[in-house]
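Visitor:
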Amino acid sequence: MSALIASSAVSEPARSLTADLDRDGRVETFMVSDNGESFTTLTITRPGKPTVVACDIAWSLEPATLTRAGNGSLLLNTSHIGIGRSPHEQTLTIAYRGGAYRVIGITRSNW
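Sequential numbering of the sequence shown, starting at 35, is according to my numbering.
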């Protein structure tokens with residue numbers, strides 16, 4: 035099993051999950067929370083290192099979820115589905131690159 039992926043290659047949607055995205059041999063915990071005003075915060079807890087907090091990283095009326103892609107990247111999934119409210123689904127792809135956690139992709143579907 036790759037050190038990048040802590041458990042299965044593809045995960046089910048969750049509010050928190052664990053993975054070794056920075057490949058240091060220690061598993062980080064990723065957690066999404068909502069501030070009550072439709073904004074999502076991503077918190078990354080790393081053993082022996084400072085916690086990373088990305089406030090208002092996404093906007094969504096529905097609770098955000100996390101999944102892992104088959105390649106081990108983190109997927110932060112949000113949606114805004116309602117009548118007359120510009121419905122959409124959005125996924126931010128997050129990876130560890132160049133010594134930092136980075137949003138490396140955005141996928142958005144509108145209808």
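Where is the CB? At the ideal position from N, CA and C, for every residue including glycine.
Being a predicted model, the structure only gives us computed values, none of them experimental.
1. On a CA-only basis, which of 130, 58 and 103 is nearest residue 82? Give me that one, please.
2. Along the chain, where does the beta strand (DSSP E) containing residue 102 start, and where does it finish?
3. May I ask you to report which of helix, strand or coil DSSP gives residue 68?
4. Can you tell me which residues form a DSSP beta bridge with residue 86?
5. Using the Cβ count rule (16 or more neighbours within 10 Å means buried), how would you classify residue 98?
6. Pick helix, strand or coil for residue 35, following the three-state DSSP scheme.
7. Residues in the same chain with beta-carbon distance under 8 Å from residue 120, minus the five sequence neighbours each way, listed in chain order, please.
8. Using the rule of at least 16 other Cβ atoms within 10 Å of the residue's Cβ for burial, across every protein chain shown, is residue 141 buried or exposed?
9. Based on the DSSP secondary-structure assignment, which residues constitute the bridge partners of residue 145?
Guide: To lay it out plainly:
1. To locate residue 82, count along the sequence shown from 1; it is residue 48. Residue 58 is the option with its Cα nearest to residue 82.
2. Reading the sequence shown from its first residue, position 68 is the one you call residue 102. Residues 99 to 102.
3. Within the sequence shown, residue 68 is the residue found at index 34, counting from 1. Note: residue 68 maps to strand in three-state DSSP.
4. The sequence position of residue 86 within the sequence shown is 52, counting from 1. Residue 86 is bridged to 78.
5. Your numbering for residue 98 matches position 64 in the sequence shown. Residue 98 is buried by the Cβ-count criterion.
6. Along the sequence shown, read from residue 1 onward, the residue named residue 35 stands at position 1. With a pLDDT of only 36 at residue 35, under 50, the local geometry of the prediction cannot be trusted, and no value is derived from it.
7. Taking the sequence shown and counting its residues from 1, one reaches residue 120 at position 86. Cβ neighbours of residue 120 beyond the five flanking positions: 114 and 144.
8. As a first step, residue 141 must be located in the sequence shown, where it is residue number 107. By the neighbour-count rule (16 or more Cβ atoms within 10 Å), residue 141 is not buried but exposed.
9. Here residue 145 refers to the residue found at position 111 when the sequence shown is read from its first residue. Its beta-bridge partners do not exist; DSSP assigns none.
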